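Participant: So the sequences go chain by chain: A and B.
So the first sequence is numbered by the UniProt record's numbering: it starts at 1 and just counts up by one.
So the second sequence is numbered by the UniProt record's numbering: it starts at 1 and just counts up by one.
Handing you a structure now.
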Amino acid sequence: MTTEAETPRLTMSGIVKRFPGTVASDGAELSVRAGEVHCLLGENGAGKSTLMKILAGSYQPDAGEIRLDGEPVVLNSPQAGLAAGIAVIYQELDLIPDLSVAQNLLLGHAPAVGPVVRKKKRLELARAAVARVGGDFPVTATVRDLPIAAQQLTAIARALTADARVIVMDEPSATLGENDLLKVFEVIRSLAAEGRSIIYISHRMDEVMEIGDRATVLRDGRTVGVYDIADTDPGELVSAMIGESRELVRTTQRPRPEGEPLLEIRSVRIPGVIDIAGIDVRPGEVAGLAGLGGAGRTTLLRALFGDTRAARTVRLGGAPLRASSPAAAVRAGLALVPESRKEQGLMLGLSVARNAAVTALGRPPWLLPGRTGRVRTAPVLKDLGVRFASPDQPVGKLSGGNQQKVVLAKWITRGGVRVLLLDEPTRGLDVGAKADLYRQVRELADSGVAVLLASSELNELTANADTIWVLHEGRNVARFDPRNTSENTIAHTVITGVTP
Amino acid sequence: MTTPTAAADPTTAPSGTRPPSGARGKRGSDLFARFNLLIVFLALCVVATLLAPEFLTTRNMANLLQQSSLTGIVAIGMTLVILTSGIDLSVGSTAAFGGMTVALLIDNDMNFVLAIAISLATGAVFGAIMGGLSAYLTLPAFMTTLAGLTAIRGLTYLLTDGEPAGGDVPEAFQLLGGGFLGYVPVVGIVFVAVTVIAALVLRGTTFGEYVYAVGSNKEAARLSGLPVRAVITAVFAISGALSALAGVLLTSRLTIGQPTAFNGLELDAIAAVVLGGTNLFGGRGSVFGTFVAVLLLSVLRNLCNLLGLGSFFQMVVTGVILVVALILNMVIEKRGARA
Numbered sequence: 001m002t003t004e005a006e007t008p009r010l011t012m013s014g015i016v017k018r019f020p021g022t023v024a025s026d027g028a029e030l031s032v033r034a035g036e037v038h039c040l041l042g043e044n045g046a047g048k049s050t051l052m053k054i055l056a057g058s059y060q061p062d063a064g065e066i067r068l069d070g071e072p073v074v075l076n077s078p079q080a081g082l083a084a085g086i087a088v089i090y091q092e093l094d095l096i097p098d099l100s101v102a103q104n105l106l107l108g109h110a111p112a113v114g115p116v117v118r119k120k121k122r123l124e125l126a127r128a129a130v131a132r133v134g135g136d137f138p139v140t141a142t143v144r145d146l147p148i149a150a151q152q153l154t155a156i157a158r159a160l161t162a163d164a165r166v167i168v169m170d171e172p173s174a175t176l177g178e179n180d181l182l183k184v185f186e187v188i189r190s191l192a193a194e195g196r197s198i199i200y201i202s203h204r205m206d207e208v209m210e211i212g213d214r215a216t217v218l219r220d221g222r223t224v225g226v227y228d229i230a231d232t233d234p235g236e237l238v239s240a241m242i243g244e245s246r247e248l249v250r251t252t253q254r255p256r257p258e259g260e261p262l263l264e265i266r267s268v269r270i271p272g273v274i275d276i277a278g279i280d281v282r283p284g285e286v287a288g289l290a291g292l293g294g295a296g297r298t299t300l301l302r303a304l305f306g307d308t309r310a311a312r313t314v315r316l317g318g319a320p321l322r323a324s325s326p327a328a329a330v331r332a333g334l335a336l337v338p339e340s341r342k343e344q345g346l347m348l349g350l351s352v353a354r355n356a357a358v359t360a361l362g363r364p365p366w367l368l369p370g371r372t373g374r375v376r377t378a379p380v381l382k383d384l385g386v387r388f389a390s391p392d393q394p395v396g397k398l399s400g401g402n403q404q405k406v407v408l409a410k411w412i413t414r415g416g417v418r419v420l421l422l423d424e425p426t427r428g429l430d431v432g433a434k435a436d437l438y439r440q441v442r443e444l445a446d447s448g449v450a451v452l453l454a455s456s457e458l459n460e461l462t463a464n465a466d467t468i469w470v471l472h473e474g475r476n477v478a479r480f481d482p483r484n485t486s487e488n489t490i491a492h493t494v495i496t497g498v499t500p
Numbered sequence: 001m002t003t004p005t006a007a008a009d010p011t012t013a014p015s016g017t018r019p020p021s022g023a024r025g026k027r028g029s030d031l032f033a034r035f036n037l038l039i040v041f042l043a044l045c046v047v048a049t050l051l052a053p054e055f056l057t058t059r060n061m062a063n064l065l066q067q068s069s070l071t072g073i074v075a076i077g078m079t080l081v082i083l084t085s086g087i088d089l090s091v092g093s094t095a096a097f098g099g100m101t102v103a104l105l106i107d108n109d110m111n112f113v114l115a116i117a118i119s120l121a122t123g124a125v126f127g128a129i130m131g132g133l134s135a136y137l138t139l140p141a142f143m144t145t146l147a148g149l150t151a152i153r154g155l156t157y158l159l160t161d162g163e164p165a166g167g168d169v170p171e172a173f174q175l176l177g178g179g180f181l182g183y184v185p186v187v188g189i190v191f192v193a194v195t196v197i198a199a200l201v202l203r204g205t206t207f208g209e210y211v212y213a214v215g216s217n218k219e220a221a222r223l224s225g226l227p228v229r230a231v232i233t234a235v236f237a238i239s240g241a242l243s244a245l246a247g248v249l250l251t252s253r254l255t256i257g258q259p260t261a262f263n264g265l266e267l268d269a270i271a272a273v274v275l276g277g278t279n280l281f282g283g284r285g286s287v288f289g290t291f292v293a294v295l296l297l298s299v300l301r302n303l304c305n306l307l308g309l310g311s312f313f314q315m316v317v318t319g320v321i322l323v324v325a326l327i328l329n330m331v332i333e334k335r336g337a338r339a
């Protein structure tokens with residue numbers, strides 16, 4: 001796809017964006033050709049989102065120039081960005097959930113005669129747009145009721161109705177399962193073939209290798225390199241991102257812990273949703289849960305944690321696990337690092353120390369939570385290497401990796417954790433933060449905690465889990481020892497539900 | 001994104017209000033952001049003293065405190081509720097009910113201390129029911145307490161068929177609502193005590209910490225194993241009890257129970273809470289802010305009275321002040337968020 005166009009579709013040069021006390025973009029450069037899929041890579045905090053917000057018109061750069069097809073443009077508002085043909089599809093898909101697909105697609109530019117919307121025409125236009133992205137859902141459907149993949153396609157289709165020349169996709173795979181992602185990739189390829197430019201942001205190297213034509217790597221707000229994907233490899237890109245050779249994730253070679261199982265999941269059943277039986281985890285063991293989106297990993301963890309009602313026969317340390325609510329589960333020694341740290345894991349407006357201490361307050365002393373919280377969390381936060389200005393800083397101001405560490409700190413501060421449930425703990429984290437997180441999980445396991453780790457990242461599971469259980473359509477269909485099973489075998493089982 | 005540079009910054013501003021100006025301006029506006037309400041309040045007092053010489057007299061001050069205390073006590077309970085991102089519209093009705101029950105019980109020769117205790121307990125039970133419905137059945141608190149507002153007011157009228165109750169109350173009981181300790185009205189002391197206790201509970205106990213956690217993110221609090229539903233039920237119970245206390249104090253001052261009392265109290269209380277800087281969506285705010293806001297609103301009213309401006313005019317001024325305060329808060333917060 002790398003056509004040598006004379007003028008690039010988009011150039012951003014010398015982009016500087018300062019915030020009080022920080023330089024988010026320090027002369028970043030980006031050049032995207034027409035008809036290419038251009039990957040934008042960088043650790044969290046490297047300046048990717050700042051650069052894209054400037055492109056979208058949400059931020060104004062302090063210096064630098066943006067050219068579209070050679071012409072300098074000023075994008076002083078999101079409307080101006082859209083009008084110039086730039087569409088940004090954010091990770092959390094800014095669709096309006098209670099409106100229909102058609103309403104969303106033509107929001108703000110619905111065909112109308114005076115104030116009256118031409119509904120038939122709108123349906124027609126919407127259908128055409130959905131067809132172009134290969135969607136097979138009705139445009140009259142309410143967005144909230146659609147599966148996440150269809151919502152993703154809707155967001156892309158909306159970019160098309162605005163006739164965007166440059167489409168930015170911010171980590172679409174964060175919310176998509178494997179099959180859905182392949183579908184989105186097809187759409188991306190066909191859009192590129194039409195001559196549109198796609199800027200694709202992702203942390204997953206395999207996706208970048210598959211979909212990208214070229215890649216720009218940012219570090220500390222500067223562009224450190226532009227690569228032809230065909231002539232590079234993940235190792236090179238990753239070292240450009242982190243600026244030093246660091247192992248992607250630590251591969252552990254150690255015997256599976258012996259001894260009696262600490263957590264015995266004899267059966268967890270929700271009719272029509274999940275039917276899991278015979279999973280056990282020993283103290284010190286990291287048991288991976290692999291599966292497609294919707295395979296039941298989250299539901300299983302939530303059911304164990306007492307948050308989702310299920311018929312359960314689960315034993316903890318030889319005695320029946322009583323966890324009718326999250327509070328009861330916590331008392332029994334369970335800890336959950338939930339899927340969405342912003343919505344479920346943290347109180348974003350509260351300080352780092354208060355977040356890290358909140359689970360520990362259920363125990364005496366009952367007085368002065370502020371002081372005890374600070375005293376007790378300080379060593380934990382230090383151990384985890386959380387980077388923050390002060391314990392009084394709102395946790396929402398930390399980077400993703402540091403936020404996730406605070407979620408973990410919450411449980412370590414409380415102490416007495418026997419079973420740690422991790423649900424997609426590395427989502428949205430950069431390479432270094434992932435490695436840090438897994439090192440800490442490993443340390444917890446080594447102290448005798450049984451760990452259940454659900455992840456969509458198979459390479460992370462094979463690198464970090466002692467055992468991998470594969471869930472498929474609500475059942476556990478296989479169990480692998482990652483040390484003597486190839487990743488392909490596991491991937492095959494994850495997708496088909498059958499071991500090859 | 002902010003972390004590395006933030007870590008390099010040695011100054012640690014808790015609320016993160018750091019405009020990019022020089023050190024002195026920074027500190028000044030920092031202080032202003034934290035204590036803006038207090039500064040506005042003091043400024044208003046100065047203006048009031050200059051405009052109306054009667055303002056700064058012990059008599060007027062005592063009067064002012066006496067008038068604002070009942071609303072203030074209710075507003076403290078409302079602060080707790082709003083901190084958990086709830087709202088309590090029933091406070092006026094609960095207060096009237098509390099005032100009526102205490103009058104009726106004393107009228108039936110019950111010891112007044114016991115009567116007060118029963119009245120407060122009833123208020124707490126009403127609050128717990130409304131809060132519990134909201135917490136355990138996930139009904140919006142706006143609706144459960146709106147239902148409470150109507151139903152409890154109805155119950156209050158049913159007690160005596162709409163007539164005032166009591167009349168013959170012991171002198172000791174009258175002191176509570178109408179008495180003075182030196183120049184200080186007893187209700188004012190109660191208001192200050194309630195504020196101080198609430199502040200201590202919020203800052204110094206696990207329960208207080210849970211209130212903020214629940215208000216900041218209910219889901220995260222639940223998944224951290226916090227007793228979210230119990231906390232919500234408790235703050236509504238506290239709000240109910242404090243409302244009943246306000247009712248008791250009014251009955252004590254008037255010596256009769258008025259079933260029509262405290263109409264529209266919920267709006268005054270909410271206005272004070274919001275003016276005091278507590279976030280309507282929970283998780284941020286303090287009873288100190290509410291305390292100052294209550295005084296500010298009543299100084300404003302007092303000033304209008306001293307200047308001979310009518311109550312219609314006062315309503316307009318109060319509304320305008322509220323909007324200005326909200327805009328000011330928003331501006332300060334935005335500057336904080338940018339830093």
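Glycine included, each C-beta is placed from N, C-alpha and C at the ideal position.
No experiment lies behind these values; they were computed from the predicted model shown.
Would you call the stretch 267 to 287 of chain B in contact with the stretch 113 to 131 of chain B, where contact means no fewer than 3 C-beta pairs closer than 8 Å?
Facilitator: Verdict: no, contact absent.
Participant: Quick check: is the beta carbon of residue 502 of chain A nearer than 8 Å to any beta carbon in chain B?
Facilitator: The shown model of chain A, from 1 to 500, leaves out residue 502 of chain A, and the question about it has no answer.
Participant: List the DSSP bridge partners of residue 257 of chain B.
Facilitator: Here residue 257 of chain B refers to the residue found at position 257 when the second sequence is read from its first residue. DSSP output for residue 257 of chain B lists B:165 as bridge partner(s).
Participant: Do residue 493 of chain A and residue 478 of chain A count as a contact pair if the criterion is CB distance below 8 Å?
Facilitator: Locating residue 478 of chain A in the first sequence gives position 478, where the first residue counts as 1. Locating residue 493 of chain A in the first sequence gives position 493, where the first residue counts as 1. Yes, the pair counts as a contact, with Cβ atoms nearer than the cut-off.
Participant: Go ahead and pull the three-state DSSP assignment for residue 385 of chain A.
Facilitator: Here the question's residue 385 of chain A lines up with position 385 in the first sequence. The answer is coil: DSSP assigns residue 385 of chain A none of H, G, I, E or B.
Participant: Please compile the residues from chain A whose C-beta is within a distance smaller than 7 Å of the C-beta of residue 284 of chain B.
Facilitator: What you label residue 284 of chain B is simply residue 284 of the second sequence in a count that begins at 1. Near residue 284 of chain B (Cβ distances below 7 Å), the residues of chain A are 349.
Participant: Against residue 227 of chain B, what residues of chain A qualify as contacts under a CB-to-CB distance less than 7 Å, listed in chain order?
Facilitator: Walking along the second sequence from the start, residue 227 of chain B turns up at place 227. Correct list: 327.
Participant: Ignoring anything shorter than 4 residues, give me the alpha helix (DSSP H) runs that lie fully in the stretch 321 to 372 of chain A, in order along the chain.
Facilitator: Fully enclosed alpha helix (DSSP H) runs of 4 or longer: 326 to 332, 352 to 357.
Participant: What whole-angstrom Cβ distance do residue 450 of chain A and residue 282 of chain A have, given they're in contact under 8 Å?
Facilitator: Against the first sequence, residue 450 of chain A aligns to sequence position 450. Against the first sequence, residue 282 of chain A aligns to sequence position 282. Contact flag correct, Cβ pair sits at about 6 Å.
Participant: Which two residues bound the contiguous alpha helix (DSSP H) that contains residue 273 of chain B?
Facilitator: Numbered from 1 along the second sequence, position 273 holds the residue referred to as residue 273 of chain B. 265 to 275 is the extent of the alpha helix (DSSP H) around residue 273 of chain B.
Participant: Between residue 436 of chain A and chain B, is there a C-beta pair that is closer than 8 Å?
Facilitator: Along the first sequence, read from residue 1 onward, the residue named residue 436 of chain A stands at position 436. Residue 436 of chain A does not count as touching chain B.
Participant: In chain B, which residues lie less than 8 Å from residue 98 of chain A when you measure between Cβ atoms?
Facilitator: To locate residue 98 of chain A, count along the first sequence from 1; it is residue 98. Here the premise fails: no neighbours, minimum Cβ distance about 17 Å.
Participant: Could you say if the stretch 419 to 429 of chain A and the stretch 226 to 237 of chain A meet the contact criterion of at least three C-beta pairs nearer than 8 Å?
Facilitator: No, they do not touch.
Participant: Identify whether residue 114 of chain A lies in helix, strand or coil by the three-state DSSP scheme.
Facilitator: Locating residue 114 of chain A in the first sequence gives position 114, counting from the first residue. Coil, per DSSP.
Participant: Give a yes or no on whether 8 Å exceeds the smallest Cβ distance from residue 280 of chain B to chain A.
Facilitator: Counting from 1 along the second sequence, the entry for residue 280 of chain B is found at position 280. So no, residue 280 of chain B is outside the interface.
Participant: Throw me the rounded Cβ distance for the residue 76 of chain A and residue 60 of chain A pair, which I believe falls under 8 Å.
Facilitator: Walking along the first sequence from the start, residue 76 of chain A turns up at place 76. Walking along the first sequence from the start, residue 60 of chain A turns up at place 60. Rounded, the Cβ-Cβ distance is 6 Å, consistent with contact.
Participant: Sorted by chain position, which residues of the same chain lie with C-beta nearer than 7 Å to residue 239 of chain B's C-beta, five sequence neighbours on each side aside?
Facilitator: Reading the second sequence from its first residue, position 239 is the one you call residue 239 of chain B. Cβ neighbours of residue 239 of chain B beyond the five flanking positions: 77, 78, 80, 81, 88, 91, 127.
Participant: Taking only three categories from DSSP, how would you classify residue 200 of chain A?
Facilitator: Residue 200 of chain A sits at position 200 when you count from the first residue of the first sequence. Residue state, collapsed to three classes: strand.
Participant: Grouping DSSP H, G and I as helix and E and B as strand, with all else coil, what is residue 427 of chain A?
Facilitator: On the first sequence, position 427 is the one that residue 427 of chain A refers to. The answer is coil: DSSP assigns residue 427 of chain A none of H, G, I, E or B.
Participant: Name the chain D residues whose beta carbon is nearer than 8 Å to that of residue 369 of chain A?
Facilitator: Going by chain labels, chain D is absent from the structure shown, which instead holds the protein chains A and B.
Participant: Going along chain B in order, which residues have a C-beta closer than 7 Å to the C-beta of residue 61 of chain A?
Facilitator: In the first sequence, the residue the question calls residue 61 of chain A occupies position 61. Those within 7 Å of residue 61 of chain A in chain B number zero; the least Cβ separation is about 16 Å.
Participant: Within 10 angstroms of its Cβ, does residue 315 of chain B collect 16 or more other Cβ (buried), or is it exposed?
Facilitator: Start at 1 with the first residue of the second sequence, and residue 315 of chain B comes out as number 315. It is exposed - the Cβ of residue 315 of chain B has fewer than 16 other Cβ atoms within 10 Å.
Participant: Under 8 Å, with one C-beta from each stretch per pair, do the stretch 187 to 207 of chain B and the stretch 300 to 313 of chain A reach the 3-pair mark?
Facilitator: The answer is no - the stretch 300 to 313 of chain A does not touch the stretch 187 to 207 of chain B, with fewer than three Cβ pairs under 8 Å.
Participant: Considering only the alpha carbon of each residue, which of B:188, B:122, B:86 lies closest to residue 140 of chain B?
Facilitator: Reading the second sequence from its first residue, position 140 is the one you call residue 140 of chain B. Cα-wise, what sits closest to residue 140 of chain B is B:86.
Participant: Near residue 430 of chain A, what residues of its chain come up, given a Cβ to Cβ distance below 7 Å and the 5 sequence neighbours on each side ignored?
Facilitator: Along the first sequence, one-based indexing puts residue 430 of chain A at 430. The answer, listed in chain order, is 43, 44, 203, 401.
Participant: Hey, how far is the Cα of residue 327 of chain A from the Cα of residue 227 of chain B?
Facilitator: Position 327 of the first sequence, counted from the start, is the residue given in the question as residue 327 of chain A. Position 227 of the second sequence, counted from the start, is the residue given in the question as residue 227 of chain B. Cα to Cα, the separation comes out at about 7 Å.
Participant: Is it buried or exposed, residue 311 of chain A, if we count other Cβ atoms within 10 angstroms and call 16 or more buried?
Facilitator: Counting from 1 along the first sequence, the entry for residue 311 of chain A is found at position 311. By the 10 Å Cβ count, residue 311 of chain A comes out exposed.
Participant: Cβ of residue 136 of chain B less than 8 Å from any chain A Cβ?
Facilitator: On the second sequence, residue 136 of chain B is found 136 positions in, with the first residue counted as 1. Chain A contact via Cβ: absent.
Participant: Would you call the CB atoms of residue 504 of chain A and residue 469 of chain A closer than 8 Å?
Facilitator: Coverage of chain A is limited to positions 1 through 500, which leaves residue 504 of chain A absent and any answer about it impossible.
Participant: Examine the Cβ distances between the stretch 209 to 218 of chain B and the stretch 341 to 359 of chain A and report whether three or more of them are shorter than 8 Å.
Facilitator: Because the criterion of three Cβ pairs below 8 Å is met, the stretch 209 to 218 of chain B and the stretch 341 to 359 of chain A touch.
Participant: Please name the residue in A:96, A:361, A:393 whose C-alpha comes closest to that of residue 152 of chain A.
Facilitator: Taking the first sequence and counting its residues from 1, the one referred to as residue 152 of chain A is at position 152. When each option's Cα is compared against that of residue 152 of chain A, the closest is A:96.
Participant: Verify whether the separation of the beta carbon atoms of residue 296 of chain B and residue 37 of chain B is less than 8 Å.
Facilitator: Locating residue 296 of chain B in the second sequence gives position 296, counting from the first residue. Locating residue 37 of chain B in the second sequence gives position 37, counting from the first residue. Going by C-beta atoms, residue 296 of chain B is nearer than 8 Å to residue 37 of chain B.
Participant: Between residue 199 of chain B and chain A, is there a C-beta pair that is closer than 8 Å?
Facilitator: Counting from one through the second sequence, the residue named residue 199 of chain B turns up at place 199. No, because no Cβ of chain A sits closer than 8 Å to the Cβ of residue 199 of chain B.
Participant: So, helix, strand or coil for residue 505 of chain A, using DSSP?
Facilitator: Outside the shown range of chain A, which is 1 to 500, sits residue 505 of chain A, and nothing can be said about it.
Participant: For chain B, is any of its Cβ atoms less than 8 Å away from the one on residue 344 of chain A?
Facilitator: Here residue 344 of chain A refers to the residue found at position 344 when the first sequence is read from its first residue. Yes - at least one Cβ of chain B is within 8 Å of the one on residue 344 of chain A.
Participant: Measure from the alpha carbon of residue 148 of chain A to the alpha carbon of each residue in A:140, A:208, A:210, A:135, then state which is nearest.
Facilitator: Residue mapping note: residue 148 of chain A aligns to position 148 of the first sequence, counting from 1. Answer by Cα proximity: A:135.
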